[in-house]
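What follows is one structure encoded as structure tokens, with my remarks underneath.
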Amino acid sequence: MAAEPQYHRAPATPQKKSDVVVEGVVYCQSCKYAGSWSLTGAKPIPSARVSVTCKDSRHHVTFYKTYQADKHGYFYAQLDGFKLSHGILDHPLQACTVKLVSSPLATCNVSTNLNYGIDGAKLRSEGKVLRSLHYEAVIYAAGPLAFRPETCSNHHG
């Protein structure tokens, strides 16, 4: 019996999906430290909103989305559709920033520029990568960011 031609290659490894994620925490800055970059005494803001904007080397916006923090003020922004290219200027560390959008707390809803929450916080790499067989997420950090109370009297802390 003649051997059948071998058309079977080694099982093709499925293309690994690679995501870019930005994480951070949004706080309410204590009145005691308003105007400073201190988060001493700050409390996380549940459901605060932030935006992630990425621009290409010509400063055109290539990605924009808002994200809502969880009940601990933590946001995990999965940049769906962001293409991780190998061009250094299109890399998330250079291309993307995070800004404060809104706070659900009427008592703490004034944006601060702490860690550039108004101007746009640059991302930083902390060497975090989530890996599984067919998935990889490169996780960058931004912030922490903070809102502050609109009015601070000497009676609040």
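The opening position of the sequence shown corresponds to residue 1 in the UniProt record's numbering, with each subsequent residue numbered one higher. Where is the CB? At the ideal position from N, CA and C, for every residue including glycine. The structure presented is a predicted model; accordingly, all values stated were derived computationally and were not measured.
Near valine 26, what residues of its chain come up, given a Cβ to Cβ distance below 6 angstroms and the 5 sequence neighbours on each side ignored?
Locating residue 26 in the sequence shown gives position 26, where the first residue counts as 1. The answer, listed in chain order, is Ile45, Ala48, Ala69, Gly73, Leu145.
Have a look at aspartate 80 and valine 61 and give me their C-alpha separation to the nearest angstrom.
Reading the sequence shown from its first residue, position 80 is the one you call residue 80. Reading the sequence shown from its first residue, position 61 is the one you call residue 61. Each residue's alpha carbon lies about 15 angstroms from the other.
Excluding the five sequence neighbours on either side, which residues of its own chain have a C-beta within less than 7 angstroms of the C-beta of aspartate 119, listed in chain order?
For the purposes of this step, residue 119 is taken as residue 119 along the sequence shown, with counting starting at 1. Excluding positions up to five away in sequence, the list reads Asn113.
Can you look up alanine 95 in the DSSP assignment and give me helix, strand or coil?
The count along the sequence shown starts at 1 and reaches residue 95 at position 95. Helix.
Quick one, are the C-beta atoms of phenylalanine 75 and glutamate 23 less than 8 angstroms apart?
Against the sequence shown, residue 75 aligns to sequence position 75. Against the sequence shown, residue 23 aligns to sequence position 23. For phenylalanine 75 and glutamate 23, yes; Cβs fall inside 8 angstroms.
Report the rounded CA-to-CA distance for valine 110 versus alanine 34, giving the unit in angstroms.
Taking the first residue of the sequence shown as 1, we reach residue 110 at position 110. Taking the first residue of the sequence shown as 1, we reach residue 34 at position 34. Computed Cα separation, rounded: 11 angstroms.
In angstroms, rounded to a whole number, what distance separates the CA positions of serine 36 and lysine 128?
Residue numbering aside, residue 36 sits at position 36 when the sequence shown is read from its first letter. Residue numbering aside, residue 128 sits at position 128 when the sequence shown is read from its first letter. Each residue's Cα considered, the two are about 29 angstroms apart.
Extract the residue ranges of the beta strand (DSSP E) inside the segment 15-86, only unbroken runs of 3 or more that lie entirely within it.
Runs found: 17-28, 49-55, 61-68, 74-78.
When you compare each of Leu93, Arg58, Gly41, Ser30 to valine 138 by their alpha carbons, which one comes out closest?
As a position in the sequence shown, residue 138 is number 138, starting the count at 1. For valine 138, the nearest C-alpha among the options comes from Leu93.
Measuring straight from C-alpha to C-alpha, what distance separates proline 149 and histidine 59?
Taking the first residue of the sequence shown as 1, we reach residue 149 at position 149. Taking the first residue of the sequence shown as 1, we reach residue 59 at position 59. Near 33 angstroms, if we compare the C-alpha coordinates of histidine 59 and proline 149.
Could you compute how far the alpha carbon of lysine 71 sits from the alpha carbon of lysine 43?
In the sequence shown, the residue the question calls residue 71 occupies position 71. In the sequence shown, the residue the question calls residue 43 occupies position 43. Straight-line Cα distance between these residues: approximately 11 angstroms.
Could you pull out every residue in the same chain whose Cβ sits closer than 6 angstroms to the Cβ of arginine 124, ignoring the five residues on either side in sequence?
As a working note, residue 124 is residue 124 in the sequence shown. So the qualifying residues of the chain are Ala141.
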